[in-house]
Amino acid sequence: MSLTVRFWGVRGSVPAPGPRTAAVGGNTSCVEVRCGGETIILDAGTGIRGLGERLLAGGRPVSASLLFSHVHWDHIQGFPFFPPLFRRDTALVLHGRPDHGSLESALRQQMTAPSFPVHLGAVPAALSFGEIEPGQPFEVGSALVRAARLNHPDGVLAYRIEVEGRAVVFATDTEHHADGIDRDLVALADGADLLIYDAQYTPEEYAGVIGGPRSGWGHSTWVEGIRVARAAGVGSLVLFHHDPSHDDGAVDAIERSARAMWPGTVAAREGLEIHLAGGSVMSGRAA
Ligand SMILES: [Zn+2]
Ligand SMILES: [Zn+2]
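Taking the working numbering, the leading residue of the sequence shown gets 11, the next gets one more, and so forth.
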């Protein structure tokens, strides 16, 4: 069975549309994982709108599981604009575990007047909620999912999705520890084919050589991503959650620097599709 990962939103913090970011993309966090007949959606940033349109274009009722890393705006902002929400034949299972309250209450709060005119309870789609207990694996169709808490203000979950020995790890919005590598993330990513990692800042930005220091803001760098990738023995590293101030040239430069240190690195771009099957990793830009 194959496992396909497609990026619909790769930006962190706030959407960054425009000609300077057109190649990388300006939408916030949303990644689609397909395995067998199953659709798993990681986060509901603004990228989820395009994914919803694509799912509806298939002509069949939409059935999907959503795994939320956390409920900061850039990870839930697209949810009220996910077109399948407004169809009776859609069935969604929503998983997450915010540190404050439940996932359902966070999404409900977002879809409340005067911020949004349609209340979550009024959408036609069938929604069910699953609370995640970090460390306790659960099944989504043929996939085994595990979660781990990482270091981020208000808390965050990283996910490992595994199907017949193929594994992808989604570790966005995490800050490396000052006193050493995050052992929980290394354990979660152990031997994974793909590690998607928060590389919002360059090492210079993080240290405050450029602008003020960003330590304590909950994000990491490509250098720290490579450190985790090496320690966990992953196949490939995908740099994710690009800073909104980084234009296409800046992301290209980060990718070049990272590849010089560790060739198995790629910067996430909207439309990037990575196919994991039968011992091979193939990537390309989808239409
Ligand atoms: Zn974020
Ligand atoms: Zn966050």
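Backbone N, C-alpha and C fix where the C-beta goes; we use that ideal spot for every residue, glycine too.
CA-to-CA distance, residue j to residue i, given in whole angstroms
i: GLY68; j: VAL219; result: 48 Å
i: THR122; j: PRO223; result: 36 Å
i: GLY151; j: GLU214; result: 42 Å
i: ARG131; j: ALA263; result: The sequence shown places Gly at residue 131, not Arg. About 45 Å.
i: ILE142; j: GLY22; result: 23 Å
i: GLU114; j: LEU77; result: 13 Å
i: GLY106; j: ALA33; result: 31 Å
i: PHE92; j: GLU63; result: 8 Å
i: SER12; j: ALA74; result: 17 Å
i: VAL128; j: PHE139; result: 19 Å
i: LEU167; j: PRO144; result: 8 Å
i: ASP194; j: ALA177; result: 16 Å
i: GLY35; j: SER225; result: 26 Å
i: LEU282; j: GLU42; result: 11 Å
i: LEU52; j: GLY175; result: 20 Å
Rounded Cβ spacing between residue i and residue j (contact assumed at less than 8 Å)
i: VAL248; j: VAL276; result: 6 Å
i: GLN210; j: HIS229; result: 4 Å
i: CYS40; j: LEU61; result: 6 Å
i: VAL20; j: HIS252; result: 6 Å
Contacts around residue i, its chain only, beta-carbon distance under 7 Å, and the 5 residues preceding and following it disregarded
i: ALA153; result: CYS45, GLU48, ILE50, ILE171, GLU172 and VAL173
i: PHE250; result: VAL20, THR182, ILE206, TYR207, ASP208, ALA209 and ALA278
DSSP-derived helix/strand/coil call for residue i
i: GLU143; result: coil
i: ALA268; result: helix
i: GLU280; result: coil
i: ARG64; result: helix
i: ILE191; result: coil
i: ASP262; result: helix
i: ILE50; result: strand
i: PHE311; result: The first residue shown for the chain is 11 and the last is 297, placing residue 311 beyond what the model contains.
i: SER152; result: coil
i: GLY131; result: helix
i: SER115; result: helix
i: ALA181; result: strand
i: GLY165; result: coil
i: GLY235; result: helix
i: TRP83; result: helix
i: ILE171; result: strand
i: ALA74; result: strand
Beta-carbon contacts of residue i that lie in its chain and below 6 Å, excluding the five residues immediately before and after
i: LEU205; result: VAL179, ALA199, ALA239, VAL244 and LEU247
i: ALA268; result: TRP232 and THR275
i: VAL24; result: PRO254
Min CB distance residue i to chain B below 8 Å
i: ASP109; result: The question asks about chain B, but that chain is absent: this structure has only one protein chain.
Nearest residue (CA-CA) to residue i, options the options
i: HIS162; options: PRO144, GLN146 and THR184; result: THR184
i: LEU135; options: PHE78, ALA157, SER112 and ASP99; result: Per the sequence shown, the amino acid found at residue 135 is Ala instead of Leu. The candidate whose alpha carbon is nearest that of ALA135 is ASP99.
i: HIS85; options: ASN37, SER125 and ARG64; result: ASN37
i: GLY201; options: ALA242, PRO93 and GLY106; result: ALA242
i: VAL133; options: PRO147, ALA157, ASP164 and ARG97; result: ARG97
i: ALA188; options: TRP227, PHE250 and ALA287; result: TRP227
i: THR56; options: PRO90, MET11 and VAL43; result: PRO90
i: GLN146; options: GLN120, VAL196, ARG156 and ALA177; result: ARG156
i: ALA197; options: ALA158, LEU137 and ARG70; result: ALA158
i: HIS110; options: ASP164, PRO94 and ILE58; result: ASP164
i: GLY190; options: LEU102, GLY221, LEU95 and GLY235; result: GLY235
Same chain only: Cβ atoms within 8 Å of residue i, ignoring 5 sequence neighbours per side
i: ASP192; result: LEU160, ASN161, THR184, HIS186 and VAL238
Name all residues in chain order for which at least one heavy atom of ligand 3 lies closer than 5 Å to the residue's CB.
Of the ligands this structure carries, namely ligand 1 and ligand 2, none is ligand 3.
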